[in-house]
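Top to bottom, those sequences are chains A and B.
Following the working numbering, the numbering of the first sequence begins with 1 at its first residue and continues without gaps.
Following the working numbering, the numbering of the second sequence begins with 1 at its first residue and continues without gaps.
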Amino acid sequence: MKRRKAGPSGVVEAPLDVRTQALAKEEERPSVKDGRLKTYEPGDNAARFLDLLGRRVSRSLAVSLTACVHCGLCAESCHYFLARPDDPTMTPVWKADQVRKIFKRHIDWTGRIAPWWVKAGTVRNDEDLNRLKNIVFGTCSACRRCTYNCPMGVDTGLLVRFTRGLLTELGIVPEGVFNVSRDQWETGNQMAVTEQDYLETLEWMRDELRTELGTDAVDIPVDKKGCDVLYTINPREIKFDPRSIAHAAKIFHVAGESWTLPKWGWDQTNFGLFSGDDKLGAFVARNVYEAAERLRVKRIVISECGHGYRSTRWEGYTWAGYDQKLPTESVVVTLKRYLETGRISVDPSRNAEAVTFHDSCNIARSGDLVEEPREVLRRVCADFREMFPNRRENFCCTGGGGLLSMAEYRPLRLEVAKIKADQLRATGAKLVCTMCHNCIDGLADVIKHYKLPMRVVQVLELVSNALVVPAKSEK
Amino acid sequence: MSEFLRILENEVQIAALVFLALVYAGRLIWIFRFKTRKDRTFAAGSEGAGAGYSLMNIAMPGAMESTRKRPGFYVQFIIFHAGVAAAIAGTFIIPYAPGVFEVRGIVLLFQAVIAAALVVGLLRLVRRLTNPVLREISSPDDYFSLVLLIVWFAAGALAVPNRPEKGEWPLILYFGLTAFFLVYVPFSKICHYLYYPFSRFYLGRSLGHRGAIPPSSTGKRTTARTAKERA
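So this is what it looks like as structure tokens:
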């Protein structure tokens, strides 16, 4: 095999596109005008980057920046490197070293005294920062598979998010990241769904469900106070997949759940996780927590979404400086409870096709749920089979880390998705189930690109298919 | 034993150790100056269990895919670090408990362990020089630290019989390198063992809080072992 010379991959040279940022400034968009969303200003960005780096490094980051021994064991845990085994720039260690060398040069000891000895370096100008942007946004999905495979416990996923956050503060971000951040700052959801669209879609789904079940008793309540459950969703469900809301509503109805959606604070996704912007993360997460307080619910339930679950269940409370007061869980955990307590009954023969399960990185590696979805799937599917590797060793859908919104990195993303395609193909399953909307799109891209004979489904859909609706729930 | 060797084995080592301790203290202060964030969520697991599991990762080659798939690499790791431990022990035994090395079996054991570590060191050097990934990420410090250890292992293997009457140069080389090491280590990658408890603790505490580690007691396998499973 011909060896590729060590050097930057194509995406690393992608130019900084600021056309949307310029338009947002010209239009005096509120998030830009009030300074919440930072835009790119040519100038002394390298100095600002170094200043931010010095001020924001936490202890866990500092030890991840100093502890690497360059053993290279992380390489084979990364789907980018596995797909491009002759390209050292695809290894987690090389990517992390691009920020590590700056830390060494300006903050660590030896690098300040003898930078060449430890390969310390710096950023000199905006071109260097743009290159760094392409590395941390374009060649890593921050899936943390390498984190679990580092003998030293270096958290490269965290380093990548941290670096993204510094660049976001300077407006040196892919256009897609800017656009989605703008929408989430200004509308409270990352797809700019208007309140009217939101409410009308819910009404539409309610009417469909009433027709399906033949009863007007079923409802999709909004802003109902004092319920047991506040159900929060992904805006993708409103825009592209409203049936998932209907599935949840149907199951809640049969289970006799007391639930509501909020009118504001319904988006459990959080682009702050991907952009590294803790302030955006805090704003979005706080919307959800405050909605729960306002409506005096007893529990927050998060629809199927990997980064939404991680953000709302784990990171959001810390970003927002908000002490958790209510149980906050994935809808899959709710479904498991319904099944275990007999609140719903299912007939697995209604899901006869072979189903495999794809663990979302943000749920399995950065969260706590690996067995719960399997327990549900084993009850509702006739032929459930594992893919290998699985659980916390599963490979990313390749659309994680916000990569689906960054068109400039799509060719590389699909190239390295070969690892995921091989993994999916080996299962022989007709359906790949995932509890993440991001993974749906990521996997659908992989399936289409590699022409795999399968389609993507979610846990809610399979449970809804298998749900035995008692006569009293129908007309 | 010459006066030079006596001073090298004693006063010089103590001075170098004191220097190491002072620099390490500075390093610890430096680490603690970085702030940590309070986790405000309800725990789904145990921070203590997570941190403990993470810290014990060093003794669990099956815990990581990277070592599970490369058992040879893990064996090398064990041999290499056993050699380091033996070579360090030698620097204390020779001046303070020389009687230990009067037992031929112990000397041979130490020599075998250190020599095995030397071989691993050479294998690691070859790997670092020939693997394009490692070449790309390696710094002069990575190479120098490894070569230094290899030479130190060689000196240690020759010095542990502790026979200055048959020639002092192996002991001079061994203790000279040790003193240099003690001064150089805090500024090199070799001091990774100082960071290991921190990086492992913080990662383990965070993932333990979320219940991501330790793995569930159900002991589900994650990797296919047979072709049938893969199919």
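Ideal placement from N, C-alpha and C gives every residue a C-beta, glycine not left out.
These figures come from a predicted structure and were not determined experimentally.
Measure the beta-carbon distance from residue i to residue j and round it to whole angstroms, keeping in mind my assumption that it falls under 8 Å.
i: methionine 31 of chain A; j: valine 177 of chain A; result: Strictly speaking, residue 31 of chain A in this sequence is serine, with methionine absent from that position. Not really, about 13 Å apart at Cβ, beyond 8 Å.
i: leucine 125 of chain B; j: leucine 146 of chain B; result: 5 Å
i: alanine 67 of chain A; j: serine 138 of chain B; result: Not quite, the Cβ-Cβ distance comes to about 16 Å (not below 8 Å), so this is no contact.
i: threonine 215 of chain A; j: leucine 412 of chain A; result: Actually they are not in contact, since the Cβ atoms of threonine 215 of chain A and leucine 412 of chain A sit about 50 Å apart, beyond 8 Å.
i: arginine 313 of chain A; j: threonine 328 of chain A; result: 5 Å
i: threonine 163 of chain A; j: leucine 132 of chain A; result: 7 Å
i: aspartate 267 of chain A; j: glutamine 190 of chain A; result: 7 Å
When the distance is taken between beta carbons, is residue j closer than 8 Å to residue i?
i: threonine 260 of chain A; j: lysine 224 of chain A; result: yes
i: cysteine 397 of chain A; j: valine 446 of chain A; result: yes
i: valine 469 of chain A; j: leucine 213 of chain A; result: yes
i: valine 432 of chain A; j: threonine 356 of chain A; result: yes
i: lysine 336 of chain A; j: valine 376 of chain A; result: yes
i: tryptophan 116 of chain A; j: threonine 110 of chain A; result: no
i: threonine 122 of chain A; j: arginine 105 of chain A; result: yes
i: lysine 250 of chain A; j: serine 464 of chain A; result: yes
i: leucine 443 of chain A; j: histidine 358 of chain A; result: yes
i: isoleucine 58 of chain B; j: alanine 87 of chain B; result: no
i: alanine 14 of chain A; j: asparagine 149 of chain A; result: no
i: glutamate 315 of chain A; j: histidine 437 of chain A; result: no
i: asparagine 45 of chain A; j: aspartate 108 of chain A; result: no
i: asparagine 130 of chain A; j: leucine 16 of chain A; result: yes
i: valine 456 of chain A; j: proline 373 of chain A; result: no
i: leucine 37 of chain A; j: serine 181 of chain A; result: yes
i: serine 206 of chain B; j: glutamate 371 of chain A; result: no
i: serine 258 of chain A; j: valine 229 of chain A; result: yes
i: valine 133 of chain B; j: phenylalanine 19 of chain B; result: no
i: serine 58 of chain A; j: arginine 37 of chain B; result: yes
i: glutamate 408 of chain A; j: proline 174 of chain A; result: yes
i: arginine 343 of chain A; j: glycine 256 of chain A; result: yes
i: alanine 292 of chain A; j: tryptophan 264 of chain A; result: no
i: proline 186 of chain B; j: valine 23 of chain B; result: yes
i: leucine 171 of chain B; j: alanine 159 of chain B; result: yes
In terms of residue numbering, what span does the alpha helix (DSSP H) encompassing residue i cover?
i: serine 66 of chain B; result: 65-68
i: histidine 70 of chain A; result: Run containing histidine 70 of chain A: none; DSSP gives neither H nor E here.
i: serine 139 of chain B; result: Note, serine 139 of chain B: premise wrong, no alpha helix (DSSP H); not H, not E.
i: glutamate 293 of chain A; result: 278-294
i: leucine 173 of chain B; result: 169-184
i: glutamine 268 of chain A; result: It is not in any alpha helix (DSSP H) - glutamine 268 of chain A carries neither H nor E in the DSSP assignment.
i: cysteine 361 of chain A; result: 361-364
i: threonine 168 of chain A; result: 156-169
i: glutamine 184 of chain A; result: 175-187
i: serine 31 of chain A; result: 30-33
i: glutamate 315 of chain A; result: No alpha helix (DSSP H) contains glutamate 315 of chain A, which DSSP labels as neither H nor E.
i: valine 468 of chain A; result: Looking at the DSSP string, valine 468 of chain A is not in any alpha helix (DSSP H), and its letter there is neither H nor E.
i: glutamine 21 of chain A; result: 19-26
i: asparagine 390 of chain A; result: Careful: asparagine 390 of chain A lies outside any alpha helix (DSSP H) and carries neither H nor E.
Mind checking which residues open and close the beta strand (DSSP E) that includes residue i?
i: phenylalanine 357 of chain A; result: 354-358
i: serine 330 of chain A; result: 328-330
i: tyrosine 231 of chain A; result: 229-232
i: phenylalanine 384 of chain A; result: 383-385
i: valine 222 of chain A; result: No beta strand (DSSP E) holds valine 222 of chain A; DSSP gives it neither H nor E.
i: threonine 147 of chain A; result: Taken as a continuous stretch (DSSP letters only), threonine 147 of chain A belongs to no beta strand (DSSP E), being part of the alpha helix (DSSP H) at 145-148.
i: leucine 403 of chain A; result: No beta strand (DSSP E) contains leucine 403 of chain A, which DSSP labels as neither H nor E.
i: valine 301 of chain A; result: 299-302
i: cysteine 433 of chain A; result: 431-434
i: valine 12 of chain B; result: Element bounds for valine 12 of chain B: not the beta strand (DSSP E) but the alpha helix (DSSP H), 11-32.
i: valine 456 of chain A; result: 455-458
Practice task
Output, in sequence order along the chain, the residues in the segment 356-375 of chain A whose CB is closer than 9 Å to any CB in chain B.
Solution key: Ala364, Arg365, Ser366, Gly367, Asp368, Leu369, Val370, Glu371, Arg374
Practice task
Please list the residues of the segment 33-45 of chain B that have a C-beta atom closer than 9 Å to any C-beta atom in chain A, keeping them in chain order.
Solution key: Arg33, Phe34, Lys35, Thr36, Arg37, Lys38, Asp39, Arg40, Thr41, Phe42, Ala44, Gly45
Practice task
Would you be able to state if there are at least three C-beta pairs under 8 Å between the segment 78-97 of chain A and the segment 43-53 of chain B?
Solution key: no
Handout entry: Near-chain B residues of the segment 64-76 of chain A - C-beta to any C-beta below 9 Å
Key = Ser64, Thr66, Ala67, Cys68, Val69, His70, Cys71, Gly72, Leu73, Cys74, Ala75, Glu76
Problem - Residues in the segment 49-67 of chain B having any Cβ partner in chain A nearer than 8 Å - result: Ser54, Asn57, Ile58, Met64, Glu65, Ser66, Thr67
Practice task
Inspect the CB distances between the segment 63-79 of chain A and the segment 57-69 of chain B and report whether three or more fall short of 8 Å.
Solution key: yes
Handout entry: Segment contact flag, the segment 92-106 of chain A with the segment 155-170 of chain A, C-beta cutoff 8 Å, min 3 pairs
Key = yes
Practice task
Could you please tell me which residues of the segment 98-117 of chain B, in chain order, have their CB closer than 8 Å to any CB of chain A?
Solution key: none
Problem - Interface residues of the segment 238-268 of chain A facing chain B [CB-CB below 7 Å] - result: none
Problem - Segment contact flag, the segment 195-210 of chain B with the segment 167-184 of chain B, C-beta cutoff 8 Å, min 3 pairs - result: no
Handout entry: the segment 133-149 of chain A contacting the segment 358-369 of chain A, beta-carbon criterion three pairs below 8 Å
Key = yes
Problem - Members of the segment 297-314 of chain A that neighbour chain B once the beta carbon cut-off is set at 8 Å - result: Arg313, Trp314
Exercise for the section: Identify each residue in the segment 392-406 of chain A for which the Cβ-Cβ distance to at least one residue of chain B is less than 9 Å, and report them in chain order. Expected result: Arg392, Glu393, Asn394
Handout entry: Three CB pairs or more closer than 8 Å across the segment 451-465 of chain A and the segment 346-354 of chain A
Key = yes
Practice task
Note down, in chain order, all residues in the segment 125-142 of chain B with a beta-carbon under 9 Å from any beta-carbon belonging to chain A.
Solution key: Arg127, Arg128, Asn131, Pro132, Val133, Leu134, Arg135, Glu136, Ile137, Ser138, Ser139, Pro140, Asp141, Asp142
Practice task
Could you say if the segment 8-26 of chain B and the segment 88-100 of chain B meet the contact criterion of at least three C-beta pairs nearer than 8 Å?
Solution key: yes
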